[in-house]
């Protein structure tokens, strides 16, 4: 029966050789499982409970949820085919759901590493335009949690120094206001003074390149990646990591989830809740390091 299905995939569905190979491996793995469970079982007699047992065994063996779901997908495709060709009388896989695929925890930079970077002296920064701009960009990300596109899109008139707030145009052109503190205020003032002294400006962009035009997302990404490498060895060193770092720092210092949601511009509180898992993981690490019987 499996061979008929694989022939169907090859001749009628024009599936790739790799897909056919993987489907064959998955189906034969299930066949070995149910034969070991009960030698009298056949493809026509297996039921949903047998498939659930197989799923449970794979999870107990430590297989990733994505791998288990892929195998269940192969099984569903097989039974749909077998039922349509009247090779079986029922489809036991039809209503079965696979294990939930957990979302990876956001990567972030620890507060002490961000402090080391932003408070660093000559070993981190110099007085050049590129260095002052780089530090201001990183501080803006870390102090406000804005997205890469939002930072690049900032104009001079979006910064309200009197109210100490940024006007940001987010996803789906939704505008939000983000407050900032004295430290970012000083960084922005110093940056703007140096920018206006050294660069011939072409438009109202806040962050510009050496030619006075709006800085590109690629340039900002490179600035962040190169400078975060001064304080961390982790592979992921993107502007989004600084957004994660902002949210994690806020929650670690007792900010409410609803407030962080508004600052980040999330549509749903569920999106923001991923950061509570990050802070809990950090809490567990601290506990293990600090408790004498951990």
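Residue numbers (this note's numbering): 1 to 294. Every residue, glycine too, gets a C-beta built ideally from N, C-alpha and C.
Simplified DSSP assignment, three categories, for residue i
i: residue 50; result: helix
i: residue 274; result: helix
i: residue 96; result: coil
i: residue 138; result: helix
i: residue 186; result: helix
i: residue 155; result: strand
i: residue 132; result: helix
i: residue 28; result: helix
i: residue 10; result: helix
i: residue 203; result: coil
i: residue 241; result: helix
i: residue 18; result: helix
i: residue 208; result: strand
i: residue 195; result: helix
i: residue 214; result: strand
Classification of residue i by the beta-carbon crowding that lies within 10 angstroms, buried from 16 upward
i: residue 133; result: buried
i: residue 101; result: exposed
i: residue 143; result: buried
i: residue 243; result: buried
i: residue 261; result: buried
i: residue 195; result: buried
i: residue 26; result: buried
i: residue 206; result: buried
i: residue 145; result: buried
i: residue 55; result: buried
i: residue 188; result: buried
i: residue 66; result: exposed
i: residue 239; result: buried
i: residue 39; result: exposed
i: residue 77; result: buried
i: residue 272; result: buried
Inter-residue spacing [alpha-carbon to alpha-carbon] between residue i and residue j
i: residue 267; j: residue 179; result: 19 Å
i: residue 249; j: residue 97; result: 36 Å
i: residue 275; j: residue 106; result: 7 Å
i: residue 4; j: residue 62; result: 31 Å
i: residue 148; j: residue 60; result: 41 Å
i: residue 263; j: residue 71; result: 41 Å
i: residue 93; j: residue 257; result: 40 Å
i: residue 117; j: residue 192; result: 21 Å
i: residue 43; j: residue 31; result: 8 Å
i: residue 139; j: residue 289; result: 30 Å
i: residue 181; j: residue 153; result: 21 Å
i: residue 79; j: residue 270; result: 35 Å
i: residue 58; j: residue 33; result: 10 Å
Residue i: CB within 8 Å of a non-hydrogen atom of the ligand GDP
i: residue 225; result: Annotation note on the ligand GDP: not contained in the displayed structure, which lists no ligands.
Cut-off 6 Å between Cβ atoms - residues of its own chain near residue i, not counting five sequence neighbours on either side
i: residue 228; result: 237
i: residue 201; result: 212
i: residue 265; result: 170 and 176
i: residue 69; result: 98
i: residue 135; result: 125
i: residue 23; result: 74
i: residue 1; result: 43 and 87
i: residue 83; result: 91
i: residue 246; result: 142 and 145
N-terminal and C-terminal residue of the beta strand (DSSP E) that residue i is part of
i: residue 176; result: 175-179
Residue interval of the alpha helix (DSSP H) (run including residue i)
i: residue 68; result: 65-84
i: residue 297; result: Outside the displayed span of the chain (1 to 294) sits residue 297, for which this structure offers no information.
i: residue 169; result: First-last for residue 169: 165-169, but that is the beta strand (DSSP E), not the alpha helix (DSSP H).
i: residue 221; result: 217-228
i: residue 62; result: Taken as a continuous stretch (DSSP letters only), residue 62 belongs to no alpha helix (DSSP H), as it is neither H nor E.
i: residue 116; result: 111-118
Contacting residues, own chain, Cβ-Cβ under 8 Å from residue i (five flanking each side not counted)
i: residue 160; result: 166 and 167
i: residue 230; result: 117, 120 and 124
i: residue 52; result: 96
i: residue 129; result: 194, 195, 198, 199 and 210
i: residue 113; result: 231 and 232
Any C-beta of chain C under 9 Å from that of residue i
i: residue 117; result: The structure shown contains no chain C; it holds only a single protein chain.
Own chain residues within Cβ distance below 7 Å of residue i, not counting five before or after
i: residue 10; result: 20
i: residue 150; result: 168, 169 and 170
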